[in-house]
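Here the structure is laid out as structure tokens; the discussion comes afterwards.
There are 2 protein chains.
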Amino acid sequence: MSDHRQATVFDVAKEAGVSTATVSNVLNRRNVPLTEETIRKVEEAAAKLGYRRNVMAASLSRRKSYEVGLLLPGFVGYYGLFAQQMERTAHKYGYHLSVFSTDLDSKVETRLLEKLLERRVDGLFCHGLAMSEESARKVVNDGTPILFFNCWNELQRMAIGTVNLNVYQACVDAVVHLHEQGCRSFYYYGNRRAFATNEQRMNGFRDGLRLIGGAYPSDMIDTGDIADKDLPGWLAERSEEEAPAGVICFDDWKAFVCQNRLIECGYAVPERFKVVGINNEFVAEHSYPAITTFNIPYEHQADISFRWMMTHLGEQAKLKAKGDKAFQPPDAGGEVKIPLTLVERLSSGT
Amino acid sequence: MSDHRQATVFDVAKEAGVSTATVSNVLNRRNVPLTEETIRKVEEAAAKLGYRRNVMAASLSRRKSYEVGLLLPGFVGYYGLFAQQMERTAHKYGYHLSVFSTDLDSKVETRLLEKLLERRVDGLFCHGLAMSEESARKVVNDGTPILFFNCWNELQRMAIGTVNLNVYQACVDAVVHLHEQGCRSFYYYGNRRAFATNEQRMNGFRDGLRLIGGAYPSDMIDTGDIADKDLPGWLAERSEEEAPAGVICFDDWKAFVCQNRLIECGYAVPERFKVVGINNEFVAEHSYPAITTFNIPYEHQADISFRWMMTHLGEQAKLKAKGDKAFQPPDAGGEVKIPLTLVERLSSGT
DNA sequence: TTGTATGCGTTATCAA
DNA sequence: TTGATAACGCATACAA
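Shown next as structure tokens:
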């Protein structure tokens with residue numbers, strides 16, 4: 058109703074007949090002793106006046122914004138889900154999260170980063186693909202702690218830590234799984250534009266092959282070299298027909314496209330080709346055939362990330378309060394690997 | 058390097074040998090007259106000290122946060138893409154965007170809304186599904202302008218306006234399209250949990266049937282009544298075999314699931330059934346058969362929304378500056394309908 | 001247990 | 001054209 062100005066601590070103090078300090082103490086439930094009576098008076102006054110604290114003023118005063126930033130390459134698929142989970146986790150720990158998407162444009166990245174620093178975020182979470190070395194240096198010089206996720210390069214050294222999905226191990230597991238399912242030739246269908254996150258997968262693929270032994274035909278293909286529509290021909294040409302060939306894809310979307318092109322060209326999945334993705338997205342579950350993939354423990358990854366950051370920010374109290382399990386962050390600049398779990402579906406069935 | 062405190066206007070003023078007021082004037086490029094010399098001095102000092110303005114202090118002082126909130130039911134699919142676009146648009150107009158997902162939980166919604174109001178957001182964008190009447194009332198009482206999108210209920214009246222995707226018209230068009238493609242029976246596969254956004258589609262479906270005339274067999278199915286796996290049987294049972302049957306789905310994901318189940322059960326798409334979705338997501342383009350759908354002009358929807366809000370906030374200047382085309386917002390409480398465009402693909406082909 | 005007074009970093013008013 | 005200085009709303013050290 059009131060197009061009047063918002064009530065302030067001052068108004069509440071007057072209404073309750075106490076001082077602003079007392080109001081502040083009551084409303085922030087601090088560890089100072091307070092009379093039941095005072096608490097009641099203040100809370101009543103606050104409720105009556107519809108008092109709502111002004112975050113800007115509070116942040117300015119305590120010289121801490123209780124805001125953290127999240128810098129992503131985009132919002133679709135994994136990124137969006139991760140963002141959503143990070144937002145939940147942030148609130149759980151009493152923080153506000155500002156999510157930005159760089160669209161993989163370094164100009165945009167620079168601008169957004171500046172925005173984040175202007176907001177005096179207490180910390181920054183950043184995807185390995187979303188930040189240049191120069192930007193990282195700026196953040197570090199600024200004194201803002203930064204924590205990476207899914208980052209496998211020199212940037213790690215500038216961070217308080219890194220929380221990585223163990224896509225390497227996932228790919229190792231994928232090869233082993235396909236081998237067990239009867240595959241006798243193996244292909245990795247990657248995306249080099251994803252840089253390090255692609256290389257991790259390639260390494261896993263390679264080591265997986267080593268693990269199963271035997272000299273099976275195998276190769277790596279990149280989406281940049283072979284158009285989707287040429288993929289079936291390419292695969293059919295070099296794989297042997299006696300046993301099914303396994304195709305490990307960069308993610309579920311690649312797997313989806315790959316599988317559909319194969320089917321479109323008349324190759325049976327999973328009889329002739331078996332397909333595996335990563336991410337366990339909706340599309341993997343509801344494709345036909347449903348796609349074998351790896352599940353990502355979003356909540357776990359977000360929680361580890363936040364606990365690490367909280368620890369660095371000296372917020373042990375909040376961790377204790379939420380005190381699920383004790384968290385021992387690795388040394389500064391260390392890495393936590395988040396394991397993915399195989400979800401077997403028809404696309405790699407028998 | 059300096060783990061020291063950030064430079065302030067004060068530091069810059071001292072360094073440049075001017076007053077803080079002058080620094081502020083220079084840095085905000087206000088319409089006060091300034092000497093070239095002063096400008097240079099201040100800018101040099103700022104650069105040298107690595108000055109970065111403190112958003113909290115600025116917001117507090119000017120009593121305006123230049124922050125707007127976006128309340129969504131979730132982050133996947135349309136929501137995520139819309140959020141990403143809204144973020145871009147917000148920056149374009151010099152605003153910061155805080156995105157929250159209610160997860161369709163009213164407890165969460167209430168809490169998030171409180172957070173938003175505590176941040177003194179200048180305005181609020183809200184999805185029709187993400188806000189209860191009670192919450193809306195609270196926002197309005199607070200004096201914060203609210204603009205809805207994809208909202209078709211009483212809430213509209215509490216808003217400065219509503220920007221709706223014209224899914225009604227899309228469904229009308231879909232029926233006409235399917236009819237032209239030879240369909241002689243029609244089905245709508247909906248999701249009543251989406252409430253108003255589902256009803257709009259149903260209305261369009263109904264009016265589309267009326268438009269093509271003739272008494273064709275038709276029906277509406279809801280995902281709540283029929284499990285995905287039973288859908289093919291249900292459809293096959295009541296549609297005639299002489300001519301293909303058309304299935305208009307709530308969105309691309311429903312279409313995707315529907316189509317895959319049909320194929321799985323041996324019904325040919327598009328020969329026996331033709332399928333249409335809405336959203337033009339990645340999955341629609343890359344399915345096999347590729348799914349006919351409707352494209353959403355994200356940027357347009359976001360831009361209209363922001364221009365409307367900016368107008369309400371008295372930021373005509375910024376609109377002019379960006380001055381693409383003139384925007385005449387409807388009367389308060391009015392509605393802008395954003396048209397969707399048909400994307401023909403194989404799933405409804407001949 | 002509560003109150004006073006000061007600081008947080010900017011912006012804006014008004015006088016110079 | 002520039003400089004003092006008073007808000008802005010809250011938190012907190014210290015005094016009472």
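As given, the protein sequences belong to chains A and B, one line each in that order.
When we follow this note's numbering, the leftmost residue of the first sequence carries the number 58, and every step to the right adds one.
When we follow this note's numbering, the leftmost residue of the second sequence carries the number 58, and every step to the right adds one.
By construction, the Cβ of each residue, glycine as well, lies at the ideal position given by its N, Cα and C atoms.
Please read these numbers as outputs of a predicted model, since none were measured by experiment.
Taken in chain order, the complete alpha helix (DSSP H) segments of 4 or more residues contained in the region 59-92 of chain B are 66-73 and 77-84. Within the same chain, Leu174 come within 6 Å of Asp199(B) by CB-CB distance, once the 5 residues on both sides are set aside. Among the residues facing chain A, Ile217(B) is not included, as its CB has no counterpart in that chain under 9 Å away. Among the residues of the region 98-119 of chain A, those with a Cβ less than 9 Å away from any Cβ of chain B are Gly107, Arg109, Arg110, Asn111, Val112, Met113, Ala114, Ala115, Ser116 and Leu117, in the order of the chain. Listed in chain order, the beta strand (DSSP E) runs fully inside the region 228-310 of chain B are 242-247, 275-279 and 302-306, counting runs of at least 3 residues. The C-beta separation of Gly218(A) from Gly323(A) comes to about 49 Å, leaving the pair out of contact by the 8 Å criterion. With a cutoff of 9 Å on beta-carbon distance, Ser405(B) and Gln238(B) are scored as near each other.
Listed along chain B are Asn317, Arg318, Ile320 and Glu321, each with a C-beta nearer than 8 Å to that of Tyr345(A).
Residues of chain B whose Cβ lies closer than 8 Å to the Cβ of Glu144(A) are, in chain order, Val156, Phe157 and Ser158. For Gly131(A), the neighbours in chain B by C-beta distance under 8 Å run, in chain order, Gln141.
The way I'd put it, the region 190-199 of chain A doesn't touch the region 129-145 of chain A; fewer than three beta-carbon pairs between them come closer than 8 Å.
The three-state reading of DSSP puts Glu372(A) in coil, since its state is none of H, G, I, E or B. DSSP places Lys394(B) in the strand class (E or B) of the three-state scheme. With respect to Ile348(A), Glu342(A) sits close: the two C-beta atoms are nearer than 9 Å.
Secondary-structure assignment with DSSP links Cys183(A) through a beta bridge to Leu128(A) and Phe205(A). Membership of Leu173(A) in the alpha helix (DSSP H) is indicated by the continuous run Ser163 to Glu175. Residue pairing from DSSP places Lys331(B) in a beta bridge opposite Gly303(B). In the three-state scheme derived from DSSP, where H, G and I count as helix and E and B as strand, Ser118(B) is classed as helix.
Neighbours of Gly137(B) in chain A, taken as residues at a C-beta separation under 7 Å, are given in chain order as Phe132, Val133 and Gly137.
Taking 9 Å as the CB threshold, Arg250(A) stays off the interface with chain B. Less than 9 Å separates the beta-carbon of Leu181(B) from that of Leu127(B). Within the same chain, Cβ atoms closer than 6 Å to the Cβ of Phe132(A) are found at Ser158, the five residues on either side in sequence being excluded. Listed in chain order, the non-local C-beta contacts of Glu338(B) below 7 Å within the same chain comprise Gly134 and Asp309, local neighbours out to five positions each way being set aside. Inter-residue distance for Asp162(B) and Asn248(A) is about 38 Å (C-alpha atoms, whole angstroms). The Cβ atoms of Phe330(A) and Pro354(A) do not sit closer than 9 Å to each other.
In this chain, the beta strand (DSSP E) harbouring Ser158(A) covers His153 to Ser158.
Minimum Cα-Cα distance from His153(A) among the listed residues Lys311(A), Phe363(A) and Glu124(A) corresponds to Glu124(A). For Phe339(B), no beta strand (DSSP E) encloses it; the enclosing alpha helix (DSSP H) starts and ends at Phe339 to His343. In the three-state scheme derived from DSSP, where H, G and I count as helix and E and B as strand, Gly218(A) is classed as strand. Here Pro346(B) is not near Gln385(B), since their CB atoms are 9 Å or more apart. Chain order gives the chain A residues near Phe313(B) as His343, where near means a beta carbon separation below 7 Å. The beta carbon of Leu370(B) sits closer than 8 Å to the beta carbons of Asp179, Gly180 and Pro202 from its chain, once the five residues preceding and following it are set aside; these are given in chain order. Counting only residues of its own chain and dropping the five nearest sequence neighbours on each side, Thr254(B) has a CB closer than 8 Å to the CB of Gly185, Leu186, Asn207, Trp209 and Val224. The C-beta of Phe339(B) comes closer than 9 Å to at least one C-beta of chain A.
Where Phe139(A) is concerned, the enclosing alpha helix (DSSP H) starts and stops at Tyr135 to Lys149. Proximity of the region 259-276 of chain A to the region 239-246 of chain A meets the contact definition, three or more beta-carbon pairs being nearer than 8 Å.
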